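Worksheet: one structure, shown below.
Residue numbers (my numbering): 20 to 337.
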């Protein structure tokens with residue numbers, strides 16, 4: 020895998036970041052570069068990055084943003100920096116995971132045939148984490164699919180992304196543009212994968228490459244997991260429905276009635292999350308506020324999708 024760059028976004032989780040960098044140092048096949056984007060953390064994240072850079076074992080570039088731009092803004096800047104540095108492949112991940120030693124070799128098996136790849140991951144307890152989804156354009160939501168997607172093949176074709184290990188080839192990233200910072204958090208990786216799927220197959224592969232290290236409360240519903248959340252996340256889950264609708268509209272795939280149904284289902288899912296996982300009625304206000312904000316985004320006649328990133332001379336021609 021030529022010129023692999025890892026893009027990590029972090030915010031006030033210095034110890035998790037340190038663990039992730041340590042795991043990158045244990046890789047059998049090292050990346051050419053590691054971009055760490057710090058969303059204006061107030062903990063000792065800068066010290067962790069400084070020590071890792073001083074150790075000289077990993078090719079780290081650390082950038083601290085002047086304000087918290089959310090995961091979306093962080094990944095947008097990180098992808099931009101990686102492309103500017105000449106990345107051939109970009110491996111996007113949050114700070115609360117660690118990579119498994121043979122991960123790059125495992126993913127590399129699929130790079131001759133695919134330009135957007137998502138490997139499997141374990142949860143914090145070391146159990147396989149269920150992640151198989153498909154974005155239903157008519158509803159504007161992603162839905163879980165069967166557990167047995169790898170019964171007959173090591174490749175499952177999907178149309179969503181995940182910023183806990185999404186691997187994307189640089190020319191494809193340039194063609195669909197940077198991750199959209201307007202999302203701030205949630206829906207950004209789903210739509211980034213969906214945009215990629217408009218141009219090329221996006222695949223979920225039967226290779227465990229990442230483990231989540233931050234434990235989360237969750238309920239196993241059989242066909243899917245429901246994790247715990249926060250009022251901020253609840254607000255943006257609903258607010259960003261506006262951006263999702265605009266992307267569908269830009270690609271001629273927006274169905275007003277279907278999308279309204281999908282929004283209602285999203286709202287109900289978050290109510291179930293409050294009841295089953297967090298066991299509290301608090302959070303309804305955040306959902307309502309986010310829905311009202313989504314209406315303003317949807318009504319914005321000047322909204323435009325993220326533009327393509329121009330190719331650099333002599334690069335990204337494949």
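All C-beta atoms, glycine included, are put in the ideal place defined by N, C-alpha and C.
Every value quoted in this text rests on a predicted model; they were computed, and no experiment measured them.
If you ignore the 5 residues before and after residue 209, its C-beta comes within less than 7 Å of the C-beta of 154, 161, 179 and 180, all in its own chain and listed in chain order. Of the candidates 326, 255, 330 and 96, the residue whose Cα lies closest to the Cα of residue 311 is 255.
In the three-state reduction of the DSSP assignment, residue 265 falls in the helix class. Note that the region 262-278 does not touch the region 140-151; fewer than 3 beta-carbon pairs, one per stretch, sit closer than 8 Å. A distance below 7 Å between beta-carbons, with the five flanking residues on each side excluded, links residue 46 to the following residues of its chain, in chain order: 118, 120, 122 and 123.
Here the alpha carbons of residue 177 and residue 216 stand approximately 8 Å from one another.
Annotated three-state conformation of residue 70 is helix, per DSSP. Here DSSP, grouped into helix, strand and coil, assigns residue 324 to coil. As summarised for the region 131-158, the continuous beta strand (DSSP E) elements at least 3 residues long and confined to that stretch are 135-141 and 152-155, given in chain order. Closest in C-alpha terms to residue 288, from the list 276, 100, 163 and 317, comes 163. In the structure shown, the three-state DSSP call for residue 288 is helix. Residue 225 carries a strand assignment under DSSP once its states are collapsed to helix, strand and coil. Beta-bridge partners assigned by DSSP to residue 52: 24. In the same chain as residue 84, and ignoring 5 residues on each side of it, the C-beta atoms closer than 6 Å to its own belong to 58 and 59, in chain order. In this structure, residue 56 sits away from residue 33, with a CB-CB distance that is not shorter than 7 Å. Each residue's CA atom was taken as its position, placing residue 197 and residue 99 some 7 Å apart. At the C-beta level, residue 114 and residue 36 come within 7 Å of one another. Residue nearest to residue 77 within the set 226, 41 and 103 is 41 (criterion: CA-CA distance). Between residue 277 and residue 157 a beta carbon distance of about 4 Å is seen, short of the 8 Å cut, so the two are scored as contacting. Rounded to the nearest angstrom, the gap between the Cα atoms of residue 26 and residue 134 is 17 Å. DSSP places residue 190 in the uninterrupted alpha helix (DSSP H) bounded by 189-195. By DSSP's assignment, residue 29 forms a beta bridge with 57. Around the C-beta of residue 199, 16 or more other C-beta atoms lie within 10 Å, and the residue is accordingly described as buried. Of the other Cβ atoms in all chains shown, 16 or more fall within 10 Å of the Cβ of residue 207; this residue is therefore buried.
Residue range 79-83 is occupied by the beta strand (DSSP E) that includes residue 82. Note that the C-beta distance between residue 107 and residue 21 is below 7 Å.
Residue pairing from DSSP places residue 231 in a beta bridge opposite 116.
Only buried fits residue 259, as 16 or more other CB atoms lie within 10 angstroms of its CB.
Under the DSSP assignment, residue 209 falls in the alpha helix (DSSP H) whose first and last residues are 207-216.
In the DSSP assignment, residue 162 falls within the beta strand (DSSP E) that extends over 160-163. Within 10 angstroms of the beta-carbon of residue 304 lie fewer than 16 other beta-carbons, which makes it exposed. In the structure shown, residue 186 falls within a strand segment according to DSSP collapsed to helix, strand and coil.
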